[in-house]
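Undergrad: Below are the structure tokens for one structure; questions will follow.
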Amino acid sequence: MRPILFYIGDFPVRSYGLIVAISILLGIGVATYFARREGKYEAHISGIAFYTILGAIIGARVWQVLFFDWGYYSQHPAEIIALWHGGMSIQGGLVGGFAAGLLYTWRYRVPFWDLADVMAPGIIFGQGIGRAACLMNGDAFGSPTGGNYGLVYPPGTFAYDTYGSQPLFPAEVWEGQWDMVVFALLLFLKQRKLPTGYLFLFYNILYSAGRFLLEFLRGDSPRTLGMTAAQWTSLAVIALALILMVYLKVKPARREEPASDVSET
0 MRPILFYIGD
10 FPVRSYGLIV
20 AISILLGIGV
30 ATYFARREGK
40 YEAHISGIAF
50 YTILGAIIGA
60 RVWQVLFFDW
70 GYYSQHPAEI
80 IALWHGGMSI
90 QGGLVGGFAA
100 GLLYTWRYRV
110 PFWDLADVMA
120 PGIIFGQGIG
130 RAACLMNGDA
140 FGSPTGGNYG
150 LVYPPGTFAY
160 DTYGSQPLFP
170 AEVWEGQWDM
180 VVFALLLFLK
190 QRKLPTGYLF
200 LFYNILYSAG
210 RFLLEFLRGD
220 SPRTLGMTAA
230 QWTSLAVIAL
240 ALILMVYLKV
250 KPARREEPAS
260 DVSET
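Per numbering that gives the first Met the number 0, residue 0 is the first one in the sequence shown, and the count goes up by one each step.
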């Protein structure tokens, strides 16, 4: 667990930013692979990735500031823009990325649900890798295990500032592992004939279900009516995804020819 990996002169190379960047590149690589294999949307991957990355960064930070750590950021407003210190909500990132993806597909006249299905495995793969950033940064940590097992975070991390040298549940590690299980399940589901949009919605349901359960072990989030903001968000996402599944089943998305190149749209 090293928030700062090394220095280039006086410039610190932070593990959080580096791992997030690597996870984004790997996620884009996975999405590009499936787009190429399926023969559609490959030329759109880089374009929608730019939109969704920007939307995800904004959404992740806004979600973290407003719903997870408002008590801190309201007292330290200058820290709101300090992304390099960590503090990014994955769920907020998904909301922001979803909105940006809608904007991209509307602008370039690309079928949203079909493209979302292509992107889904890459998104969850990137999430799984990205959780290692939280481990290295000492955030998104679990609550005390109450025994002599668990992760002990070093001084200088958010976890140590909160609980000291107590062993904590490895919540962020288990979430990253669950993301990889979801990735494997999506690969299995890709072999099935599903209605357009269902693969993306299954991704949302599976990830949110795992996140809901793992939140019971988290030690860094306040609770409202017995649940964290992430749990309330997870329930909302699952409910919305189920509603959209019914909608897409009853009223299938309008068939469109996939756009092969951004310049053609």
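Virtual Cβ for every residue (Gly too), placed ideally from N, Cα, C.
If you're wondering where the values come from, they're calculated on a predicted model, not measured in any experiment.
(1) Which same chain residues, not among the five before or five after residue 59, have their C-beta less than 6 Å away from its C-beta?
(2) Between the segment 110-121 and the segment 234-252, are three or more C-beta pairs nearer than 8 Å?
(3) Evaluate residue 236 with the Cβ neighbour count: other Cβ atoms within 10 Å of its Cβ, from every protein chain shown; 16 or more gives buried, anything less gives exposed.
(4) Leaving out five residues before and five after residue 175 in sequence, what residues of the same chain have Cβ atoms less than 7 Å from its Cβ?
(5) In chain order, what are the residue ranges of uninterrupted beta strand (DSSP E) at least 3 long that sit wholly in the segment 116-199?
(6) With the cut-off set at 8 Å, would you say residue 171 and residue 134 are in Cβ contact?
(7) Tell whether a beta-carbon distance below 8 Å holds between residue 197 and residue 181.
(8) With a Cβ-Cβ cutoff of 8 Å, do residue 50 and residue 100 count as a contact?
(9) Just to confirm, is the Cβ distance from residue 166 to residue 194 under 8 Å?
(10) Leaving out five residues on either side along the sequence, give the residues of the same chain with a beta carbon under 7 Å from the beta carbon of residue 210.
(11) The beta strand (DSSP E) spanning residue 1 covers which residue range?
(12) So, with DSSP's three-state summary, where would you put residue 108?
(13) From residue 156 to residue 68, what does the alpha carbon distance come to, in whole angstroms?
TA: On the basis of the coordinates in this document:
(1) 87, 88, 91 and 92
(2) yes
(3) buried
(4) 127, 130 and 131
(5) none
(6) yes
(7) no
(8) yes
(9) no
(10) 174, 229 and 233
(11) Element bounds for residue 1: n/a, residue is neither H nor E.
(12) coil
(13) 16 Å
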